[in-house]
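Peer 1: Below is the structure I would like to discuss, written out as C-alpha cells.
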Amino acid sequence: MSDKNNPFFVGYLPVPGPLRRFLLLASVLVVATFLLTGLLIGSTQDEPPASGFRFDYGRQTVTGVIELTPYPLLRVTQGNDLIKPGKTLMLTSGGKAGVDMRAMGLEGQLATVSGIILQRGTIDMMQLRGGRQGLAAAEGDPPEMVTEQLGRWKVAGEICDGKCLNGAMRPGRGLAHKACANLCLLGDVPPVFVSTQPIEGSDFMLITGPDGTRLPDAAYNYIGQFISLEGDLERRGDILVLRMDTTTMELIDG
Amino acid sequence: MSVKYIPVQWNRNKWLYDAVMLVGVVLFLWLFIFVSPELLSHEFPINPQVHNARAFGACAFVMLTVILCIGPLARIDRRFLPLLYNRRHFGVMTVFVAITHASYILNWYFAFSSSDKYEALLFANTSYGQLAGFPFEIFGVFALLCLAVLAATSHDFWMKFLTPPVWKRIHSLIYFAYLAVVAHVSLGILQDQQNHTFTVIFIGGALAVAGLHAYAAMLDWRGGDERGADIDGWIDICDAGDIREGFAKIKILPSGDRVAVFRQDGRLSAISNACAHQNGPLGEGRVIDCLVTCPWHGFQYDVTNGRSPAPFTEMVPTYNIRLNGAGVQVHRDANPPGTYVEPVQIEVTA
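The structure is reproduced here in C-alpha cells:
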C-alpha cells in the first residue's frame, strides 16, 4: 500500500524537500562506512616476519660443494665477508622454480654460485642468476662434507615453500598462501618445515620425502596446516634436513 | 523510461548517486592503499601486490554488503527507496573492484611459474576433501563469474530481451555470489589473521545482510498484502472508500499475482501490481500527472489501459473491475497487457 504521508521519490524528478535531509544523512553514512572500514581494515594488517630479498647485501658469489637432498644445497667452502665457509645455502631460481635440473650433474662437486640472498632468521637461500653465471662447476677437488645423523624425531609445525617463507612473498605462509606454496613446491622450490619449537637449535629445516625423494604428493594436502610428522633428522653444515615418514603425517587440532 | 536503448540515461539524481558511491569507494581505497602502510610502519612491509589485493578485495566485500542491505532497508523504510534507484551502477562498479582484486591475486600468487596462471589457479590446490586448506579461490572465481554475468546483463536491453521474471531470477545470483564471497573469505584470509578487526567487520557485515533480510521478510509476512476471497471468479478487494485518491490497494489473486486497484478522479481501475520494467510494486506507487508511477524507477502507466504514455511502449495487464455494494471486486483473470477497461465510478455520498 502506498502512503500519502511519505514523500515520493521519482528518479528523474527533483527530490522532494522532506526527503533531501534524509538522503543527505544516508549519503554521509555510506561514505563514513567506507571511510571507517577502509581505515580500520587497512591499518590492522598483521606484520610479516623479518624476511625478504637482501638486495642491500648486493650480489653474492661463493663456492662450495653441491649436495642433492634431492633439493640442491651448497655447502660453502670459499665464502666472503657475509657468507662464511661452513654455511649451507638452499638454492632456487627466479620465480617459482628450483635449480634441480641445473645442479643435477654437479652432485658432490665444487661449484660457484652467484645471486641474491633471501633471509629469514638463521635460514638462508640464494636465488641464482640465470645460466652459468648463477651456477657453474668450479675447479678443484671437493672436500669431504660431513652429514651428522640426529636420529628419528617427531615434530609439529607447518610445511611451507622455502622461498616465500624466506620473504620472497610477505606474508609467505599460512592457508591463504597455500595455492602459491603448492605452485612453488611443484616447481621444485625447496620445502621447509617450520617447527613450533626449536629442534637442535633451529626453527626451520629442509624437508624431503623418505629415502632422498621429493616431497610426496600426500604432503600437498597438508601444506600450510598445523601438522605433526616423524622423520629422520640430519645436519648438513648449519642446516637441518628432515626426511619425513609420510605415514606419520597427521593434522593437529587447533 | 526510454523509447530507445542508450548506455545510460543520465539525470541529476543518477550523477549524485554515483558520485556519493564513488567518493566512498575512492576514500576506502586511498586510506587502505596509501595511508594505512604509513600507520602500520612495518619494518618488513606486506608486499604491495598483496596489500593492494586485500584493499580491493575488502572494498568489494563492503560494496556488496552495502548493495545487499539496500533492498531490505527499502522494504523496512520507504525513504531508502532512492538508494535502490541507481543500485545497478554501484553493482557494475563492484565488479570492476572485484576484477582488480582478482588481477592482483592472479598476477602475484599464480604468476612466476612455468604454468599458465589461469590453469595454475585451478590446479595449484586441489584439496577439495578438507575444510582447512580448501581451495577457497574457487569460491572467489564463482562469485566473480556471477558478478560479471549480473554486470553484463544489467542494462534495460537485457531486461526486456530476457523478460523481467527471467532477468530477476538471473539477478538473484547476487545472493549466491555473496554466499560464495563469505566462504571465500572465511576459508581464506580469515584463517591466517592474528589481528581480528577485519574478522569483526566481516562478520558484522554478513550478519547485517542476513538480519535485515530476515527482518524485512518478517515485516512482509506480518503486514504484507492479503489474499482476496474468490467468489465466482471475482475477488473482494476492499471497500471503495478505503482507497485514497491517487493511491492503490493491493491484493493477492488466486494465481499468486498481485493486483493494484487505483483511485483516480473518483474512479477505480485495476492493473497488475508488477511493473513491466523490473516487476517493481506499482501499487506502492502513486498517481502523478494522471499516470501511475512506479516507486522503483518511475515508469508510468495509464491506469485505464495499463499502457505507458506515447512514445513509450511498456504495458501491463489490466483487470475487469466492479462494485458489489460498497465493496470493490476484481476479476481473477488478467486481460492482455494494454487492454482498456472502463473505470468504475465511486458513488459519492453527501
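As you go down the protein sequences, you meet chains A and B in turn.
To convert a position in the first sequence, counted from 1, into our numbering, add 2.
To convert a position in the second sequence, counted from 1, into our numbering, add 7.
We put the beta carbon where it would ideally sit given N, CA and C, even for glycine.
Could you tell me which of B/Val310, B/Ala283 and B/Leu298 sits nearest to methionine 322 of chain B, measuring between CA atoms?
Peer 2: Here residue 322 of chain B refers to the residue found at position 315 when the second sequence is read from its first residue. Checked all of B/Val310, B/Ala283 and B/Leu298; the closest Cα to methionine 322 of chain B is B/Ala283.
Peer 1: Which same chain residues, not among the five before or five after arginine 2 of chain B, have their C-beta less than 8 Å away from its C-beta?
Peer 2: In the structure as shown, chain B starts at 8 and stops at 357, and residue 2 of chain B therefore has no counterpart that could be examined.
Peer 1: Would you kindly report the start and end of the unbroken beta strand (DSSP E) that includes glutamine 135 of chain A?
Peer 2: Counting from one through the first sequence, the residue named residue 135 of chain A turns up at place 133. Where glutamine 135 of chain A is concerned, there is no enclosing beta strand (DSSP E), although the alpha helix (DSSP H) it sits in stretches over 133-136.
Peer 1: Let me know if isoleucine 238 of chain B comes out buried or exposed under the rule of 16 or more other beta-carbons within 10 Å of its beta-carbon.
Peer 2: Along the second sequence, read from residue 1 onward, the residue named residue 238 of chain B stands at position 231. Result: exposed.
Peer 1: So, does the CB of leucine 88 of chain B fall closer than 7 Å to a CB anywhere in chain A?
Peer 2: The residue you call residue 88 of chain B lines up with position 81 of the second sequence. At least one chain A Cβ lies under 7 Å of leucine 88 of chain B.
Peer 1: How about valine 33 of chain A: is its C-beta nearer than 7 Å to some C-beta of chain B?
Peer 2: In the first sequence, the residue the question calls residue 33 of chain A occupies position 31. By this cut-off, valine 33 of chain A is an interface position.
Peer 1: Name the chain A residues that come within less than 9 Å of tyrosine 347 of chain B, Cβ to Cβ?
Peer 2: Along the second sequence, one-based indexing puts residue 347 of chain B at 340. By Cβ distance, chain A contributes nothing, its closest Cβ being about 23 Å from tyrosine 347 of chain B, past 9 Å.
Peer 1: Between the alpha carbons of leucine 177 of chain A and glycine 226 of chain A, how many angstroms are there, rounded?
Peer 2: In the first sequence, the residue the question calls residue 177 of chain A occupies position 175. In the first sequence, the residue the question calls residue 226 of chain A occupies position 224. Whole-angstrom Cα-Cα distance: 5 Å.
Peer 1: Expressed to the nearest angstrom, what Euclidean distance is found between the alpha-carbon atoms of glutamine 80 of chain A and proline 87 of chain A?
Peer 2: For the purposes of this step, residue 80 of chain A is taken as residue 78 along the first sequence, with counting starting at 1. For the purposes of this step, residue 87 of chain A is taken as residue 85 along the first sequence, with counting starting at 1. Spanning the two alpha carbons is a distance of roughly 6 Å.
Peer 1: Can glycine 44 of chain A and phenylalanine 39 of chain B be called in contact, C-beta distance under 7 Å?
Peer 2: Position 42 of the first sequence, counted from the first residue, corresponds to residue 44 of chain A. Position 32 of the second sequence, counted from the first residue, corresponds to residue 39 of chain B. Yes, they are a contact pair.
Peer 1: Run the CB neighbour count on threonine 101 of chain B, radius 10 Å, all protein chains shown included, and call it buried at 16 or more, exposed below.
Peer 2: Walking along the second sequence from the start, residue 101 of chain B turns up at place 94. It counts as buried.
Peer 1: What does DSSP give as the partner residues of asparagine 114 of chain B in its beta bridges?
Peer 2: Position 107 of the second sequence, counted from the first residue, corresponds to residue 114 of chain B. Answer by DSSP bridge pairing: none, since asparagine 114 of chain B is not bridged.
Peer 1: Could you check whether leucine 219 of chain B and proline 79 of chain B sit closer than 7 Å to each other, using their CB atoms as the reference points?
Peer 2: The residue given as residue 79 of chain B occupies position 72 in the second sequence. The residue given as residue 219 of chain B occupies position 212 in the second sequence. Their beta carbons are under 7 Å apart, which means proline 79 of chain B touches leucine 219 of chain B by this criterion.
Peer 1: Just checking my contact of phenylalanine 63 of chain B with phenylalanine 209 of chain B at CB under 8 Å: how many whole Å lie between their CB atoms?
Peer 2: Position 56 of the second sequence holds residue 63 of chain B. Position 202 of the second sequence holds residue 209 of chain B. Not really, about 15 Å apart at Cβ, beyond 8 Å.
Peer 1: For glutamine 352 of chain B and leucine 275 of chain B, what's the separation of their Cα atoms in angstroms?
Peer 2: Sequence index remark: in the second sequence, residue 352 of chain B carries index 345 (1-based). Sequence index remark: in the second sequence, residue 275 of chain B carries index 268 (1-based). Their backbone Cα atoms lie some 6 Å apart in a straight line.
Peer 1: Do you know how far the Cα of methionine 92 of chain A is from the Cα of leucine 75 of chain A?
Peer 2: Along the first sequence, one-based indexing puts residue 75 of chain A at 73. Along the first sequence, one-based indexing puts residue 92 of chain A at 90. Straight-line Cα distance between these residues: approximately 5 Å.
Peer 1: Would you say the stretch 190-210 of chain A touches the stretch 234-245 of chain A, given that touching needs at least three Cβ pairs under 8 Å?
Peer 2: Result yes; three or more Cβ-Cβ pairs closer than 8 Å.
Peer 1: With a cut-off of 7 Å, does the C-beta of alanine 139 of chain B fall near any C-beta of chain D?
Peer 2: Absent here is chain D; the protein component of the structure consists of chains A and B.
Peer 1: Would you mind telling me which residues of chain A sit closer than 9 Å to aspartate 199 of chain B, beta carbon to beta carbon, in chain order?
Peer 2: Counting from 1 along the second sequence, the entry for residue 199 of chain B is found at position 192. Those are Asp48, Pro173, Arg175, Gly176, Leu177, Ala178, His179 and Gly226, listed as they occur along chain A.
Peer 1: Please determine, among B/Phe41, B/Ile112, B/Tyr135 and B/Gln137, the residue with the shortest C-alpha to C-alpha distance to tyrosine 125 of chain B.
Peer 2: As a working note, residue 125 of chain B is residue 118 in the second sequence. For tyrosine 125 of chain B, the nearest C-alpha among the options comes from B/Ile112.
Peer 1: DSSP beta-bridge partners for lysine 156 of chain A?
Peer 2: Your numbering for residue 156 of chain A matches position 154 in the first sequence. BP columns for lysine 156 of chain A point to A/Glu232.
Peer 1: Excluding sequence positions up to five away, which residues of its chain have a Cβ less than 8 Å from the Cβ of threonine 215 of chain A?
Peer 2: Residue mapping note: residue 215 of chain A aligns to position 213 of the first sequence, counting from 1. For threonine 215 of chain A, where only same-chain residues beyond five positions count, the Cβ hits under 8 Å are Pro72.
Peer 1: Evaluate contact between the stretch 159-177 of chain A and the stretch 188-198 of chain A, counting only Cβ atoms and requiring at least three cross-stretch pairs below 8 Å.
Peer 2: The stretch 159-177 of chain A is in contact with the stretch 188-198 of chain A.
Peer 1: Among A/Asp219, A/Gly164, A/Leu187 and A/Phe10, which residue has its Cα nearest to the Cα of arginine 85 of chain B?
Peer 2: Numbered from its first residue, the second sequence carries residue 85 of chain B at position 78. Among A/Asp219, A/Gly164, A/Leu187 and A/Phe10, the Cα nearest to that of arginine 85 of chain B is on A/Phe10.
Peer 1: Taking all protein chains shown into account, do 16 or more other C-beta atoms lie within 10 angstroms of the C-beta of serine 134 of chain B, making it buried, or fewer, making it exposed?
Peer 2: Numbered from 1 along the second sequence, position 127 holds the residue referred to as residue 134 of chain B. It is buried - the Cβ of serine 134 of chain B has at least 16 other Cβ atoms within 10 Å.
Peer 1: Taking a cut of 8 Å between CB atoms, which residues from the stretch 73-85 of chain A lie near chain B?
Peer 2: If the cut-off is 8 Å between Cβ atoms, the stretch 73-85 of chain A has nothing near chain B.
Peer 1: For a test of the three-state rule: what should DSSP assign to serine 279 of chain B, helix, strand or coil?
Peer 2: As a first step, residue 279 of chain B must be located in the second sequence, where it is residue number 272. Strand.
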